[in-house]
Amino acid sequence: MTYKARQGDIVTLDFHPQKGHEQSGRRPAVIVSNDFFNKLSSLSLVCPISNSKSDFPLNVNLDDRTNTTGAILCQHIKSLDLAARNAVFVEKLPDDVMKEVKEIIVSEF
Numbered sequence: 001m002t003y004k005a006r007q008g009d010i011v012t013l014d015f016h017p018q019k020g021h022e023q024s025g026r027r028p029a030v031i032v033s034n035d036f037f038n039k040l041s042s043l044s045l046v047c048p049i050s051n052s053k054s055d056f057p058l059n060v061n062l063d064d065r066t067n068t069t070g071a072i073l074c075q076h077i078k079s080l081d082l083a084a085r086n087a088v089f090v091e092k093l094p095d096d097v098m099k100e101v102k103e104i105i106v107s108e109f
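One point on numbering: in full-length UniProt numbering, the residue at position 45 of the sequence shown is 45, and numbering is uninterrupted.
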């Protein structure tokens, strides 16, 4: 069965290949595009999740409500083909954390 992206889902996927300071390898990410976008497109907007916490103001640290640890890197937002990147659902991000992520992303524009 094919994974159907939903905003706020934490997935693991392949970020390789990348260049420069971009996150690479197989790692967790959060789906930030809304469900309407995800339904219409074969692409989804994602933010990678580092494996360590961060004090950087564009990052959102995960807490003990998720099994996934680290920080959501909101400044690394990218559009990816989840099927081609072998996305696998892990868990759902708490609504208040997703709200914080969206507020940071909006502030970047």
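For glycine and all other residues, C-beta sits at the position ideal for the given N, C-alpha and C.
A distance below 8 Å separates the beta carbons of G70 and N51. F89 sits in a strand when the DSSP states are folded into three classes. Ranked by how close their Cα comes to the Cα of K92, the residues V30, C74, K4 have V30 in first place. Here Q75 has L58 as same chain residues with Cβ atoms under 6 Å from its own Cβ, once five neighbours each way along the sequence are excluded. By the criterion of a C-beta distance shorter than 8 Å, Q7 is surrounded in its chain by I31, V32, S33, N34, D35, N38, M98, once the five residues flanking it on both sides are discounted.
The beta carbon of G25 is closer than 8 Å to those of D14, F15, H16 in its chain, skipping five residues each way along the sequence. Non-local C-beta neighbours of V101 in its own chain, meaning closer than 8 Å and more than five positions away in sequence, comprise V30, V32, C47, V60, I72, C74, L93, ordered along the chain. Our two residues, L82 and T2, have alpha carbons roughly 10 Å apart in a direct line. Taking the Cα positions, F89 is about 25 Å away from V106. In the structure shown, the three-state DSSP call for I10 is strand.
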